[in-house]
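UniProt numbering numbers the first residue of the sequence shown as 1 and each following residue consecutively.
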Amino acid sequence: MAATKTIQSIYTDGACSGNPGPGGWATVVYFSDGSVHEMGGAASQTTNNRMEMQAAIEALEFLLAAAPSDSIALYTDSEYVKNGVTQWLKGWKQKGWKTATGKPVLNQDLWRVLDALQEKLAQQGTDVQWRYVKGHSGDRGNDRCDEIARAFALGNSPSLQQGWSPNSVEAMPMVASGESSEFDTPITHADASETLQSSHKLSASAVDANPDMVDSTIPDGTDLQSEKSEVPREVKVAQLRNVVDTLHMADEIARQGYLITSSELADLMDVNASAVTSRGDNWVWRNWVISRVRREGNQILWQLERVD
Numbered sequence: 001m002a003a004t005k006t007i008q009s010i011y012t013d014g015a016c017s018g019n020p021g022p023g024g025w026a027t028v029v030y031f032s033d034g035s036v037h038e039m040g041g042a043a044s045q046t047t048n049n050r051m052e053m054q055a056a057i058e059a060l061e062f063l064l065a066a067a068p069s070d071s072i073a074l075y076t077d078s079e080y081v082k083n084g085v086t087q088w089l090k091g092w093k094q095k096g097w098k099t100a101t102g103k104p105v106l107n108q109d110l111w112r113v114l115d116a117l118q119e120k121l122a123q124q125g126t127d128v129q130w131r132y133v134k135g136h137s138g139d140r141g142n143d144r145c146d147e148i149a150r151a152f153a154l155g156n157s158p159s160l161q162q163g164w165s166p167n168s169v170e171a172m173p174m175v176a177s178g179e180s181s182e183f184d185t186p187i188t189h190a191d192a193s194e195t196l197q198s199s200h201k202l203s204a205s206a207v208d209a210n211p212d213m214v215d216s217t218i219p220d221g222t223d224l225q226s227e228k229s230e231v232p233r234e235v236k237v238a239q240l241r242n243v244v245d246t247l248h249m250a251d252e253i254a255r256q257g258y259l260i261t262s263s264e265l266a267d268l269m270d271v272n273a274s275a276v277t278s279r280g281d282n283w284v285w286r287n288w289v290i291s292r293v294r295r296e297g298n299q300i301l302w303q304l305e306r307v308d
């Protein structure tokens with residue numbers, strides 16, 4: 001059957017009530033003709049990371065069935081998923097599915113599935129472009145995925161749009177930077193974010209992903225290079241030693257499986273507490289995935305996992 005529409009982009013998201021607890025996942029596919037295909041499901045006992053991964057698996061399985069022969073943008077608000085697929089998988093496999101600390105990779109069963117699907121897609125000529133989109137930022141695709149995933153996590157059955165049938169879809173060619181397309185209208189926020197990230201040395205998205213990159217005490221207009229050159233070498237070495245001590249401490253926390261509070265995590269990262277609590281349930285800091293585990297009284301407890 002001749003292709004009747006092209007895939008524009010795919011969004012994925014996961015949700016979990018309790019973490020661990022009841023969870024839900026969602027995958028939304030946008031087509032060039034304006035139609036949408038939505039998928040979702042639930043799990044009775046799971047984690048947020050596993051639901052994020054399940055949503056990504058469903059997206060890749062969809063692409064495997066649709067068999068597009070071009071690049072497809074896949075958007076996720078999970079740094080854990082994006083970095084895992086694009087950066088960490090190769091190292092994990094070389095280490096026999098072990099982390100840098102020698103521990104078995106968490107969620108290894110799902111990572112193996114994602115890895116196998118990536119290889120199959122590459123063999124059929126489908127290039128998946130993994131892109132991070134900040135959650136709850138007004139992006140239509142991400143917001144819709146979040147709505148579906150949360151509904152399933154709460155035990156509801158949301159109404160899903162079904163705009164796809166087998167062998168009726170092909171890839172929409174990726175639009176190069178600076179070009180325009182008549183199909184840009186359905187999803188604009190993420191595309192604009194991509195452009196901003198490439199044109200700014202320190203974009204808002206980069207700061208969101210690494211809150212420790214910004215020192216709020218530095219006044220606007222300060223020449224950072226000049227300031228750095230005036231600092232005595234022994235002071236810089238002492239500062240670096242403090243950084244290494246901090247990283248060793250983070251490794252020990254991860255290795256022992258200790259749970260730490262938001263204020264303790266903020267102290268470890270040397271950021272304000274709000275920079276921790278505003279990040280969501282799962283995010284990446286340096287070599288660790290930070291996951292919200294549970295609340296005890298008025299304290300949120302976090303876990304660190306070394307992933308590289």
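The C-beta atom is built at its ideal place from N, Cα and C for all residues, glycine as well.
Contact defined as beta carbons within less than 8 Å: I believe Val28 pairs with Arg131. What is the distance between those atoms, to the nearest angstrom?
Mapped onto the sequence shown, residue 28 falls at position 28. Mapped onto the sequence shown, residue 131 falls at position 131. Not a contact, Cβ separation roughly 14 Å.
Could you give the first and the last residue of the continuous beta strand (DSSP E) run that contains residue 324?
Nothing can be reported for residue 324: it is not among the residues displayed for the chain, which extend from 1 to 308.
Would you mind reading off the limits of the alpha helix (DSSP H) that contains Trp111?
Mapped onto the sequence shown, residue 111 falls at position 111. Where Trp111 is concerned, the enclosing alpha helix (DSSP H) stretches over Gln108 to Gln123.
I need the boundaries of the alpha helix (DSSP H) containing Gly141, first residue and last residue.
Position 141 of the sequence shown, counting from 1, holds the residue named residue 141. That run of the alpha helix (DSSP H) goes Arg140 to Ala153.
Leu240 to Glu230, Cα distance in whole Å?
Working through the sequence shown from its first residue, we reach residue 240 at position 240. Working through the sequence shown from its first residue, we reach residue 230 at position 230. About 16 Å.
Looking only at its chain, what residues have a beta carbon closer than 8 Å to the beta carbon of Leu268, apart from the 5 residues adjacent to it on each side?
As a working mapping, residue 268 is identified with position 268 in the sequence shown. Cβ within range, chain order: Thr246, Met249, Ala250, Ile253 and Ile260.
Counted within 10 angstroms of its Cβ, other Cβ atoms place Asn19 as buried (16 or more) or exposed:
Translated into the one-based positions of the sequence shown, residue 19 becomes position 19. Buried, since its Cβ has 16 or more Cβ neighbours within 10 Å.
For Pro68, is the classification buried or exposed, using 16 other Cβ atoms within 10 angstroms of its Cβ as the cut-off for buried?
Position 68 of the sequence shown, counted from the start, is the residue given in the question as residue 68. Looking at its Cβ environment, which holds 16 or more other Cβ atoms inside 10 Å, Pro68 is buried.
What's the gap between the Cα of Val293 and the Cα of Thr99?
Taking the first residue of the sequence shown as position 1, residue 293 is located at position 293. Taking the first residue of the sequence shown as position 1, residue 99 is located at position 99. Those two C-alpha atoms are separated by around 20 Å.
Other residues of its chain near Ile218: CB distance less than 6 Å, five sequence neighbours each side excluded
Stepping through the sequence shown from its first residue, residue 218 is reached at position 218. Residue placement at Ile218 is poorly supported in this model, since its pLDDT is 32, which falls under 50; the coordinates are not used for a value here.
Just mark Lys90 as buried or exposed, buried being the case when its beta carbon has 16 or more other beta carbons within 10 Å.
Residue 90 sits at position 90 when you count from the first residue of the sequence shown. Classification of Lys90: exposed, given that the 10 Å Cβ count is below 16.
Kindly indicate the opening and closing residues of the beta strand (DSSP E) around Tyr75.
Numbered from its first residue, the sequence shown carries residue 75 at position 75. Per DSSP, Tyr75 belongs to the beta strand (DSSP E) from Ser71 to Thr76.
In this structure, does DSSP put Val237 in helix, strand or coil?
On the sequence shown, position 237 is the one that residue 237 refers to. Looking at Val237 - three-state DSSP - the assignment turns out to be helix.
Less than 8 Å between the CB atoms is what I'm expecting for Leu110 and Gln162, so what's the real figure, rounded?
As a first step, residue 110 must be located in the sequence shown, where it is residue number 110. As a first step, residue 162 must be located in the sequence shown, where it is residue number 162. Not a contact, Cβ separation roughly 25 Å.
Which residues in the same chain have their Cβ closer than 6 Å to the Cβ of Asp146, if we skip the five residues on either side of it in sequence?
Working through the sequence shown from its first residue, we reach residue 146 at position 146. Within the same chain, Asp146 has close Cβ partners Asp13.
By the three-class DSSP mapping on this structure, what secondary structure does Trp130 have?
For the purposes of this step, residue 130 is taken as residue 130 along the sequence shown, with counting starting at 1. Trp130: strand per DSSP, three-state reduction.
Gln256 versus Trp88, Trp164, Thr101 and Ser291, residue with shortest Cα-Cα distance:
Here residue 256 refers to the residue found at position 256 when the sequence shown is read from its first residue. When each option's Cα is compared against that of Gln256, the closest is Thr101.
Who are the Cβ neighbours of Arg150 in its own chain at under 8 Å, not counting the five residues just before and after it?
If you number the sequence shown from 1, residue 150 lands on position 150. Cβ within range, chain order: Ala15 and Gly24.
Closest Cα partner of Glu52 within the set Asn83, Ala66, Ser262 and Gly125:
Sequence index remark: in the sequence shown, residue 52 carries index 52 (1-based). Minimum Cα distance to Glu52 is reached at Asn83.
So, for Met39: in the same chain, excluding its five sequence neighbours on each side, which residues have a beta-carbon less than 6 Å away from its beta-carbon?
Residue 39 sits at position 39 when you count from the first residue of the sequence shown. For Met39, where only same-chain residues beyond five positions count, the Cβ hits under 6 Å are Thr27 and Glu58.
With C-beta atoms as the reference, is Ile10 less than 8 Å away from Leu74?
Counting from 1 along the sequence shown, the entry for residue 10 is found at position 10. Counting from 1 along the sequence shown, the entry for residue 74 is found at position 74. Taking 8 Å as the Cβ cut-off, Ile10 and Leu74 qualify as a contacting pair.
If you measure between the beta carbons of Phe152 and Gly280, is that distance less than 8 Å?
Along the sequence shown, one-based indexing puts residue 152 at 152. Along the sequence shown, one-based indexing puts residue 280 at 280. Going by C-beta atoms, Phe152 is not nearer than 8 Å to Gly280.
Can residue 310 and Asn287 be called in contact, C-beta distance under 8 Å?
Any property of residue 310 remains undetermined from this structure, which presents the chain solely from 1 to 308.
Return the CA-CA distance between Val243 and Trp88, expressed in angstroms with no decimal places.
Along the sequence shown, one-based indexing puts residue 243 at 243. Along the sequence shown, one-based indexing puts residue 88 at 88. So the alpha carbons of these two residues sit roughly 23 Å apart.
My understanding is that Ser262 touches Ile290, with C-beta atoms under 8 Å, so please give their C-beta distance in whole angstroms.
Here residue 262 refers to the residue found at position 262 when the sequence shown is read from its first residue. Here residue 290 refers to the residue found at position 290 when the sequence shown is read from its first residue. Not really, about 10 Å apart at Cβ, beyond 8 Å.
Taking Cβ positions, are Ser32 and Thr6 nearer each other than 8 Å?
Here residue 32 refers to the residue found at position 32 when the sequence shown is read from its first residue. Here residue 6 refers to the residue found at position 6 when the sequence shown is read from its first residue. Yes.
State the CB to CB distance for the pair Val284 and Glu79, rounded to an integer number of angstroms; the pair is presumed to be in contact (CB under 8 Å).
Indexing the sequence shown from 1 puts residue 284 at position 284. Indexing the sequence shown from 1 puts residue 79 at position 79. Going by Cβ atoms, the distance from Val284 to Glu79 rounds to 4 Å, so yes, they are a contact pair.
Looking at the structure shown, is Asn19 part of a helix, part of a strand, or coil, going by DSSP?
Sequence index remark: in the sequence shown, residue 19 carries index 19 (1-based). Coil.
For residue 321, the first and last residue of its enclosing alpha helix (DSSP H):
Only positions 1 to 308 of the chain appear in the structure, and residue 321 is not among them; the question remains open.
Going by the DSSP bridge assignment, what does Val276 pair with across the sheet?
Stepping through the sequence shown from its first residue, residue 276 is reached at position 276. DSSP, once it has assigned bridges, lists no residue as partnering Val276.
In the DSSP assignment, the beta strand (DSSP E) including Trp88 goes from what residue to what residue?
Your numbering for residue 88 matches position 88 in the sequence shown. Run containing Trp88: none; DSSP gives neither H nor E here.
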